[in-house]
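A.B. asks: Take any residue in the sequence shown, count from 1 to its spot, add 76: that is its number in the working numbering. Idealized CB from N, CA, C, for every residue including glycine.
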Amino acid sequence: MSKVRHIVAFSGGKDSSALAIYLHDPERWRRALGKQGLPLRPPLEEAEYVFCDTGTELAETYDYLDRLEAYLGRPIQRLRANVPPSKPGEPDKTPFDHYLELYGGFLPSPNMRWCTRMLKLKPYEDYIGDDPVISYVGIRADEGEWRVDPETQRKYFQHRKGYISTKPNIKTVFPFIEDGLVKADIYRILDDSGVGRPDYYSWRSRSGCYFCFFQRKSEWVGLLENHPDLYKQAMQYEKIDPETGERFTWSDAESLAELARPERIAEIKRRTKEREERLRKSRPGLTLMEQFFDEVRDLEDSGAGCNICHL
Numbered sequence: 077m078s079k080v081r082h083i084v085a086f087s088g089g090k091d092s093s094a095l096a097i098y099l100h101d102p103e104r105w106r107r108a109l110g111k112q113g114l115p116l117r118p119p120l121e122e123a124e125y126v127f128c129d130t131g132t133e134l135a136e137t138y139d140y141l142d143r144l145e146a147y148l149g150r151p152i153q154r155l156r157a158n159v160p161p162s163k164p165g166e167p168d169k170t171p172f173d174h175y176l177e178l179y180g181g182f183l184p185s186p187n188m189r190w191c192t193r194m195l196k197l198k199p200y201e202d203y204i205g206d207d208p209v210i211s212y213v214g215i216r217a218d219e220g221e222w223r224v225d226p227e228t229q230r231k232y233f234q235h236r237k238g239y240i241s242t243k244p245n246i247k248t249v250f251p252f253i254e255d256g257l258v259k260a261d262i263y264r265i266l267d268d269s270g271v272g273r274p275d276y277y278s279w280r281s282r283s284g285c286y287f288c289f290f291q292r293k294s295e296w297v298g299l300l301e302n303h304p305d306l307y308k309q310a311m312q313y314e315k316i317d318p319e320t321g322e323r324f325t326w327s328d329a330e331s332l333a334e335l336a337r338p339e340r341i342a343e344i345k346r347r348t349k350e351r352e353e354r355l356r357k358s359r360p361g362l363t364l365m366e367q368f369f370d371e372v373r374d375l376e377d378s379g380a381g382c383n384i385c386h387l
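1. Could you say which of Ser92, Pro274 and Gly110 lies nearest to Cys128 if we only look at CA atoms?
2. If distances are taken between C-alpha atoms only, which option among Arg189, His82, Ser283 and Pro164 comes closest to Leu176?
3. Once the 5 residues before and after Ile316 are set aside, which same chain residues still bring their CB inside 6 Å of it?
4. Check whether the stretch 79 to 99 touches the stretch 269 to 280, taking contact to mean three or more Cβ pairs, one atom from each stretch, closer than 8 Å.
5. With 16 other CB atoms within 10 Å as the buried threshold, where does Glu295 fall?
6. Are the CB atoms of Phe250 and Tyr98 within a distance shorter than 9 Å?
7. Among the candidates Ser331, Thr248 and Gly284, whose CA atom is the shortest distance from the CA of Val80?
8. Could you have a look at Tyr286 and say whether DSSP puts it in helix, strand or coil?
9. CA-CA distance, Asp377 and Gly220?
10. Report yes if the CB atom of Gly284 is closer than 9 Å to the CB atom of Ser78, and no otherwise.
11. Could you give the distance in angstroms between the alpha-carbon of Ala310 and the alpha-carbon of Phe287?
12. Counting only the same chain and skipping the five closest in sequence on each side, list residues whose C-beta sits under 8 Å from that of Thr137.
13. I need the straight-line Cα distance from Lys293 to Phe182, nearest angstrom please.
14. Measuring straight from C-alpha to C-alpha, what distance separates Leu114 and Asp255?
15. On the DSSP letters alone, give me the boundaries of the alpha helix (DSSP H) that Ser294 sits inside.
16. Does the contact criterion of 3 or more C-beta pairs under 8 Å hold for the stretch 205 to 219 versus the stretch 346 to 353?
17. In the DSSP assignment, what are the bridge partners of Tyr212?
18. Could you tell me which uninterrupted alpha helix (DSSP H) segments, each at least 4 residues in length, are contained entirely in the stretch 94 to 134, listed from first to last along the chain?
19. Identify every residue that forms a DSSP beta bridge with Phe324.
20. To the nearest angstrom, report how far apart Ile161 and Lys243 are at their CA atoms.
21. If you draw a straight line from the alpha carbon of Gln112 to that of Tyr263, how long is it in whole angstroms?
22. Which residue from Thr228, Thr192, His303 and Leu109 puts its Cα closest to that of Ala336?
23. Is DSSP giving Arg340 helix, strand or coil here?
24. Note the first and the last residue of the continuous alpha helix (DSSP H) segment covering Arg264.
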């Protein structure tokens, strides 16, 4: 029987990054965070670290992976979906562009996440093969919702498990849930380790493709202001059928050209400030960074998004 492999998949986001740091020396972090009385958790000394690269990530994501590699002292394997070589004289296609063509030009959406399935999960499962694997996922203990048992009427907390592989040789575990780590602990791990947070967190609350359809309006504005070239590229993916008028856009409500109008940007910024102010008044003890993440509700908290893309 093959030896069990231990794999941590990075998204480039805060939770998966904090998980790798935590598992590198769990007892140290338990002491620092006051997590006492838990069963011993030895360090993951032979862990494999992987990142599924769509070819459409932000430059800040790659920079952050380099910082994590330096801290962990081990390489992070960059995985990509298989893409046929381009014809002579044609530019190489990104994995996203290749699959967009295979899907007839239909952009991915919350109801049709072919991007996650083909560009993230499939390369990850191909990398694993049929070996027995323990896959570590960074869902926190405070992610989920309170529910009521219809028979007993007792309230219970249902942890979110999200969009993960269902292959029988892959056992998925959730160390943060098991050890009771919450959002504040994740901030503490990233800050105290010296790794910090990705630079894009100053304007964006998640990792993943620069045109991720889960982005909020304020984050599209952030992309426009921080990476106008990428915003322009994202616009080029949007189409309107000249005969039917059917729109193929990242957002059902408006196109990126419409969102980029100065008056629309001003409106989005005004509404974002109003939400931040309401949050400040209702939760005065939060730091500025915590206010930002709570204001946008962290995709993870709302149940949207995909674990392998955003955690």
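C.D. replies: From the atom records:
1. In terms of Cα proximity to Cys128, the closest of Ser92, Pro274 and Gly110 is Ser92.
2. Closest option to Leu176, Cα to Cα, is Arg189.
3. Arg323
4. yes
5. buried
6. no
7. Thr248
8. In the structure shown, Tyr286 falls within a coil segment according to DSSP collapsed to helix, strand and coil.
9. Low local confidence applies: a pLDDT of 39 at Asp377 is under 50, so the model's placement there is unreliable, with the coordinate-based value given in what follows. Their Cα atoms are separated by approximately 7 Å.
10. no
11. 6 Å
12. So the qualifying residues of the chain are Gly88, Pro274, Tyr276 and Ser283.
13. Going from the Cα of Lys293 to the Cα of Phe182 covers about 21 Å.
14. 7 Å
15. Lys293 to Asn302
16. no
17. Val84 and Val249
18. Complete alpha helix (DSSP H) runs here, min 4: 102 to 109.
19. BP columns for Phe324 point to Lys315.
20. Checking the sequence, you will find Pro at residue 161 rather than Ile. If I take the Cα positions, the gap works out to 29 Å.
21. 19 Å
22. His303
23. helix
24. For Arg264, the enclosing alpha helix (DSSP H) has its first and last residue at Lys259 to Ser269.
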